[in-house]
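*Asks:* Starting off with a structure, shown below.
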Amino acid sequence: DGFQLYRDNQLIATLPLNTIVYQDIDLDPGTIYNYTVSAFNHVGESKACSWMVRTPNPPITVRLDRIGVYDNREDWTRGRVAISWLSR
Numbered sequence: 001d002g003f004q005l006y007r008d009n010q011l012i013a014t015l016p017l018n019t020i021v022y023q024d025i026d027l028d029p030g031t032i033y034n035y036t037v038s039a040f041n042h043v044g045e046s047k048a049c050s051w052m053v054r055t056p057n058p059p060i061t062v063r064l065d066r067i068g069v070y071d072n073r074e075d076w077t078r079g080r081v082a083i084s085w086l087s088r
């Protein structure tokens, strides 16, 4: 007794009946995957339940080209920080 888990119509795991969480690893970022799960026992396999999942995009890398401090010559508590960056 247990569960059959498929990703994009390929069996990726046979799980024990008491499984409530499964972590799929080594997936590509920004990709849509189709998952299907069904239960099975000595009688056979249940009707499958399916869903689509999109993995998150990778984080954006930001490179700081210049960091400068604007000094208003009055007092440092009122200074400003100017940051500019270039995203690639």
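Residues in the sequence shown are numbered from 1 upward in steps of one, following full-length UniProt numbering.
By construction, the Cβ of each residue, glycine as well, lies at the ideal position given by its N, Cα and C atoms.
1) Looking at C-alpha atoms only, which residue of N41, P59, L5 and I60 is the closest neighbour of Y33?
2) Give a yes or no on contact between the segment 15-35 and the segment 52-59, applying the rule of three or more CB pairs nearer than 8 Å.
3) Rounding to the nearest angstrom, what Cα-Cα distance links A48 and Y22 in this structure?
4) Tell me the DSSP secondary structure of E44 in three-state form.
5) Out of S46, D8, R7 and N41, which has the shortest C-alpha to C-alpha gap to P16?
*Replies:* Here's the rundown:
1) For the purposes of this step, residue 33 is taken as residue 33 along the sequence shown, with counting starting at 1. If we check each option's Cα against that of Y33, L5 comes out closest.
2) Verdict: yes, contact present.
3) Here residue 48 refers to the residue found at position 48 of the sequence shown. Here residue 22 refers to the residue found at position 22 of the sequence shown. Roughly 17 Å separates the two Cα atoms.
4) By one-based count along the sequence shown, residue 44 stands at place 44. First, the residue type needs correcting, since residue 44 is Gly and not Glu in the sequence shown. Reduced to three states, the DSSP call for G44 is coil.
5) Your numbering for residue 16 matches position 16 in the sequence shown. Minimum Cα-Cα distance from P16 among the listed residues S46, D8, R7 and N41 corresponds to N41.
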